[in-house]
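The structure appears right after this line, and notes come after that.
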Amino acid sequence: MSRKLLLEHINVPGIHTLDVYRQKGGYRAVEKALKTLTPDEVVEEVKKSGLRGRGGAGFPTGMKWSFLAKPEGVARYLVCNADESEPGTFKDRYLMTHIPHALIEGMIVSSFALGAKTSFIYVRGEMMPQIRILEKAIAEAKNAGFLGKNILGSGYDLELYVQPGGGAYICGEETALLESLEGKRGNPRIKPPFPAIAGLYGCPTVVNNVESIAAVVPIINDGGDEYAKVGIGRSTGTKLISASGNLVRPGVYEIELGLPVEEFIYSDEWCGGIANGKRLKATVAGGSSVPVLPANLSLKLANGEPRLMSYESLSEGGFATGTMMGSGGFIAFDEDQCMVRNTWNFSRFYHHESCGQCSPCREGTGWMEKVLHRIEYGHGKMSDIDLLVDVSKKIEGNTICPLGDAAAWPVASAIRHFRDEFEWHVKNPQLSLDTNYGLANYAEPIAKAVSTEN
Amino acid sequence: MSDKVKVTIDGITVEVAPGTTILNAARQIGGDIVPPAMCYYSKLEGSGGKCRTCIVKVSKGSEKDPRPMPKLVASCRTTVMDGMEVLNITSPEVIEARSGVVEMLLINHPLDCPVCDQAGECDLQNLGYEHGLQKTRYEFERRTFERIDIGDKIQLHMNRCILCYRCVFTADQITNKRVHGILNRGDHSEISTYIQTAVDNDFSGNVIDVCPVGALTDKTFRFKNRVWFTKPIDAHRDCPTCSGKVTLWYKGADVLRVTARKDVYGEVEEFICNTCRFDKKKTADWTIEHPTHIPDTSVISSNHYETLIPLPVIQEDERLKEANRIELEKTTKF
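Those protein sequence lines, which keep their order, are chains A and B. Anchor point for the first sequence: position 90 equals 90 in UniProt numbering, and the numbering is continuous, going up by one each time. Anchor point for the second sequence: position 302 equals 302 in UniProt numbering, and the numbering is continuous, going up by one each time.
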């Protein structure tokens with residue numbers, strides 16, 4: 001079994017209550033940080049740990065914290081981004097449902113490190129049960145004296161609020177989240193200024209993913225150096241992976257970064273292989289926004305070495321043969337899945353979720369969605385495939401926020417790796433309507449992986 | 001230390017005050033290196049960054065940090081740094097990305113220029129001529145909306161809107177409450193007032209002037225005439241609410257339309273009030289100044305040449321000039 005840092009006690013009955021969480025060593029990090037460390041020392045520990053943002057971009061958390069402007073007399077805020085709505089990602093919901101106190105403990109330590117007196121957890125509006133759970137947990141923590149005035153006699157005050165969002169994907173973008181939190185329309189702001197300089201209500205703000213904040217707890221408990229020993233290279237620590245798709249055992253897994261992709265898919269400890277004895281066709285390694293990879297490139301790098309679940313290894317080879325860690329939404333497709341349909345489905349999502357602020361994304365996502373719909377339903381033309389590539393290039397990099405890129409990458413990568421399937425749809429319009437499966441003639445049969453353990 | 005920063009745009013260096021945006025620095029140089037701007041409006045706080053037509057390439061970040069910026073940036077919202085080098089029309093990448101943006105702006109635009117009041121003074125038309133394709137690659141139905149009346153003098157034709165948010169910023173600036181904004185999301189978002197209430201303000205008519213396309217039109221001028229058949233004359237009146245400096249658009253002896261005066265970038269110089277705009281349509285109401293200067297590149301200038309010699313369209317041929325010297329001298333005498 002690999003090491004678990006976040007989900008170690010996930011199966012303990014009643015771990016969502018403060019008492020059980022305390023019995024299992026909960027809130028040790030708060031006591032340690034508030035009683036023995038200074039805020040700068042906490043930031044230093046996080047820096048040492050090499051923790052990278054778990055929300056998608058993978059930016060080092062400690063570095064992000066050290067960029068926070070600290071002008072005199074201006075409030076600072078910590079905002080937790082729990083607006084998890086990427087197709088394929090459901091790890092934060094799992095964490096908040098089952099061990100809400102891990103997030104709250106992380107919030108207290110992180111707020112202390114940043115000097116924030118008020119912190120917010122912005123939860124996606126659809127997650128009403130999780131909002132209730134968090135609010136209950138916050139009330140428990142407050143009764144126990146971990147929140148409120150003069151926490152544990154350290155003289156540090158913190159109020160923690162849960163704010164339900166309106167259920168928009170775009171509000172997961174940090175500046176759109178801040179706009180939404182301020183009660184405005186959730187449009188991403190134009191950067192610079194970055195939130196670290198002028199964020200919520202114009203004050204310096206740090207926005208972190210749920211998992212990043214929860215990961216601060218083991219970092220403080222065991223020390224940054226200890227955390228950095230887990231994982232591989234610059235990808236330190238553990239990562240929650242939401243595995244979904246045609247897997248024998250989909251679900252949320254905590255892996256040590258550096259686990260081979262092949263082992264993750266086929267090992268019985270993890271996903272247990274592809275469901276119904278079929279073969280793997282493609283994977284999306286980090287949520288719908290990252291480029292899709294065919295089976296051979298998912299398991300092996302272009303040079304034949306095994307691909308690992310780490311920030312570096314997944315993005316090895318750039319976009320030609322690589323993908324991204326993203327938020328850890330791992331989707332596996334078996335041989336009978338239609339890539340065109342899947343690409344259309346992703347595209348439809350981005351079309352629906354584009355905020356409509358800047359032109360390339362507003363118009364381009366809809367355009368791609370319509371063209372993909374046409375191809376999938378047997379009305380496509382050969383020129384449509386190049387048109388899609390061209391439109392995705394026109395969107396990519398020309399928008400205010402990364403949603404444009406996120407909409408363009410799946411389309412561009414699907415055409416890059418599965419062009420023959422798009423062409424098959426154009427050439428066989430009738431077949432693409434009634435026998436749209438079993439197209440994986442190019443997916444090499446992959447022998448069942450031998451577990452590297454034992 | 002000098003308090004000016006140096007920025008080089010397309011090889012032309014200019015010194016500007018710190019905090020100036022790349023777009024405004026380019027405007028200080030002037031000419032064809034100025035990036036087009038569909039949503040940025042210097043008089044509206046917070047505008048810009050949305051339409052992406054003004055994107056430029058920053059090939060050198062600054063003197064201190066010479067790394068280039070990884071992506072193309074919106075010049076209207078990116079401030080200059082000392083020693084920054086910017087490529088606009090000299091970068092093929094920028095030109096291609098910009099034509100992509102123009103294509104995106106046009107795919108849901110109805111292209112009903114023949115019946116649009118804005119035709120002839122439309123920023124999108126100019127941009128389309130400059131960067132657009134001859135035909136569209138978009139083969140789907142365009143989005144459509146019902147026309148809405150915002151008050152009795154302004155009509156909103158949402159089909160034509162490119163969602164530049166300029167009118168939203170205008171409404172935010174002139175009113176205390178948020179009455180005018182965006183509904184919905186993505187490509188079905190629309191400009192609207194809350195359940196079609198009017199923007200109740202003396203200056204609400206300015207949303208017509210700031211609109212870069214024909215989405216907000218003046219109902220008192222609607223379908224009266226094409227702009228290039230009318231003659232713009234600068235005039236003023238003693239107005240208690242605004243500066244009273246306007247442009248009158250004449251057809252014959254009738255004032256068909258009153259607008260604020262616009263500068264070379266199509267931005268109004270001073271906002272005017274609704275009384276001046278909608279109610280004062282007699283020559284007697286105004287003190288006439290002089291014909292408005294219209295750049296030769298505008299279709300409106302086809303009616304009033306400032307010189308009798310038409311624009312040179314081909315390279316001058318000295319031999320022919322010499323041969324026709326007598327005839328040419330006659331024209332200059334006129």
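Using N, Cα and C, we set each Cβ at its ideal position, and we do this for glycine too.
Mind listing which residues of the region 348-372 of chain A have their C-beta closer than 8 Å to chain B's C-betas, in chain order? His351, His352, Glu353, Ser354, Cys355, Gly356, Gln357, Cys358, Ser359, Pro360, Arg362, Glu363, Gly364, Thr365, Gly366, Trp367, Lys370
Round the Cβ separation of Gln155 (chain B) and Arg222 (chain B) to the nearest angstrom and send it over; I've been treating them as touching at under 8 Å. 7 Å
Output needed in chain order: residues of the region 88-102 of chain B with a Cβ under 7 Å from some Cβ in chain A. Ala97, Gly100, Val101
Taking DSSP's pairing of strands, which residues face Gln155 (chain B) in a bridge? B:Asp149, B:Thr217
If you follow the beta strand (DSSP E) that Glu15 (chain B) is in, where does it begin and where does it stop? 12-16
For Val199 (chain B) and Cys161 (chain B), believed in contact at Cβ under 8 Å, the rounded distance: Incorrect: roughly 16 Å between the Cβ atoms, too far for contact.
So within the region 49-108 of chain B, which uninterrupted beta strand (DSSP E) runs reach at least 3 residues, ignoring any that extend past its ends? 55-60, 84-87
Coarse secondary structure for Val74 (chain A), derived from DSSP in three states: coil
How many angstroms separate the CA atom of Tyr442 (chain A) from the CA atom of Gly304 (chain A)? Because the pLDDT at Tyr442 (chain A) is just 48, under 50, the model does not fix this residue reliably, and the value given afterwards should be weighed accordingly. Rounded to the nearest angstrom, the two C-alpha atoms are 17 Å apart.
Listed from N- to C-terminal order along the chain, which residues in the region 380-398 of chain A have their beta-carbon within a distance smaller than 7 Å of any beta-carbon of chain B? Leu387, Lys394, Gly397, Asn398
Strand pairing of Thr247 (chain B), partner residues [DSSP]: B:Asp234, B:Thr259
Using C-beta distances below 8 Å, list every residue in its chain close to Thr13 (chain B), excluding the 5 sequence neighbours before and after it, in chain order. Lys6, Val7
Let me see if you follow: with CB-CB separation under 7 Å, is Ile415 (chain A) close to chain B or not? no
Quick one: grab the DSSP three-state call for Met107 (chain A). helix
Once DSSP output is grouped into helix, strand and coil, what is the label at Phe349 (chain A)? helix
Can you give me the Cβ contacts of Lys142 (chain A) inside the same chain, cut-off strictly under 7 Å, excluding the 5 residues immediately before and after it? Gly148
Provide the residue span of the beta strand (DSSP E) that contains Thr283 (chain A), from first to last. 280-284
Between which residues of its own chain and Tyr27 (chain A) is the CB-CB distance below 7 Å, once the five residues before and five after are set aside? Glu105, Phe146
Mind reading off the beta-carbon distance from Ala407 (chain A) to Tyr350 (chain A)? Whole number of angstroms is fine, and I expect it under 8 Å. 4 Å
Cα separation between Val210 (chain B) and Tyr40 (chain B)? 10 Å
Using a Cβ-Cβ distance cut-off of 7 Å, determine whether Ile375 (chain A) contacts chain B. no
Exposed or buried, what is Tyr194 (chain B) when buried is set at 16 or more other beta-carbons lying within 10 Å of its beta-carbon? exposed
Per-residue DSSP class, three states only, for Asp334 (chain A): strand
For Pro100 (chain A), the three-state DSSP class (helix, strand or coil): helix
Are the C-beta of Phe140 (chain B) and some C-beta of chain A separated by less than 7 Å? yes
Under the DSSP definition of a beta bridge, which residues are partnered with Ser119 (chain A)? A:Leu78, A:Leu160
Would you kindly report the start and end of the unbroken beta strand (DSSP E) that includes Asn296 (chain A)? Taken as a continuous stretch (DSSP letters only), Asn296 (chain A) belongs to no beta strand (DSSP E), being part of the alpha helix (DSSP H) at 295-299.
What does the alpha-carbon distance come out to for the pair Lys35 (chain A) and Gln23 (chain A)? 20 Å
Relative to chain A, which residues along the region 187-211 of chain B have a C-beta separation below 8 Å, given in chain order? Asp187, His188, Ser189
Residues, ordered as in the chain, of the region 178-189 of chain A that lie near chain B by beta-carbon distance below 8 Å: Arg185
List the residues of chain A that Ile182 (chain B) touches, going by C-beta distances under 8 Å, in chain order. Arg185, Gly356
Counting pairs of Cβ atoms below 8 Å between the region 110-121 of chain A and the region 74-82 of chain A, do you hit three or more? yes
Check whether Gly73 (chain A) and Gly125 (chain A) have beta carbons under 7 Å apart: no
I believe Thr365 (chain A) touches Gly83 (chain B) by the beta-carbon criterion, under 8 Å. Please report the beta-carbon distance rounded to the nearest angstrom. Wrong, their Cβ atoms sit about 37 Å apart, outside the cutoff.
Sorry if obvious, but does the Cβ on Ile10 (chain A) come closer than 6 Å to a heavy atom of the ligand ADP? This structure lacks the ligand ADP; in fact it carries no ligand of any kind.
Please check if any C-beta of chain A sits within less than 7 Å of the C-beta of Asn176 (chain B). no
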